[in-house]
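Contents: one structure, followed by commentary.
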Amino acid sequence: MDWKQTGGHPLDRDLEMSATHGKDVAELLHAWSIVHTQSIDVLSRFTESDLDRLFTEDGLTIPFVLHYCAQHLAFHAGQLVLLRKWFEPSFQLYKDKV
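Take the sequence shown: its letters are residues 1 to 98, numbered as in full-length UniProt numbering.
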């Protein structure tokens with residue numbers, strides 16, 4: 001496992017891939033809730049001065065990384081919608097049938 005320190009807490013980067021079998025809907029929703037809560041907690045700790053900082057190894061700004069993460073999350077959310085439509089073709093995310 002690849003352990004990293006993030007905000008003083010150990011983070012197992014492979015943990016998201018380790019619980020893929022035998023989970024029911026309630027457990028999956030609970031896992032999503034934990035990830036969402038932790039993500040909001042981390043985001044809330046950024047300050048205005050943080051947003052101006054660069055990652056020295058790549059020259060990337062924190063806002064760039066945050067936007068990239070949001071796009072990545074949106075990509076996976078789209079995959080979930082596509083999967084739902086596969087199992088239930090009549091599923092609609094928007095009432096106006098966008």
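Ideal Cβ positions, reconstructed from N, Cα and C, are used throughout, including at glycine.
As assigned by DSSP and simplified to three states, the class of residue i
i: LEU93; result: coil
Expected contact under 8 Å - CB spacing of residue i and residue j to nearest Å
i: LEU60; j: LEU54; result: 7 Å
i: PHE75; j: ARG84; result: Contact flag wrong, Cβ pair sits at about 15 Å.
i: VAL81; j: LEU73; result: Between LEU73 and VAL81 the Cβ distance is about 13 Å, and since that is not below 8 Å, they are no contact.
i: ILE34; j: PHE46; result: No, ILE34 and PHE46 are not in contact; Cβ-Cβ is about 20 Å, not under 8 Å.
Continuous alpha helix (DSSP H) stretch holding residue i: start and end
i: LYS85; result: 62-87
i: ASP58; result: Here ASP58 belongs to no alpha helix (DSSP H), and DSSP marks it neither H nor E.
i: ASP41; result: 25-44
Neighbourhood of residue i by C-beta distance below 6 Å, restricted to the same chain and skipping five residues each side
i: ASP71; result: The question names Asp, but residue 71 in the sequence shown is Gln. Cβ neighbours of GLN71 beyond the five flanking positions: none.
Beta-carbon contacts of residue i that lie in its chain and below 7 Å, excluding the five residues immediately before and after
i: LEU66; result: none
Close beta carbons around residue i, own chain, < 8 Å, minus the five adjacent residues each side
i: THR23; result: First, the residue type needs correcting, since residue 23 is Lys and not Thr in the sequence shown. The residues are ALA31.
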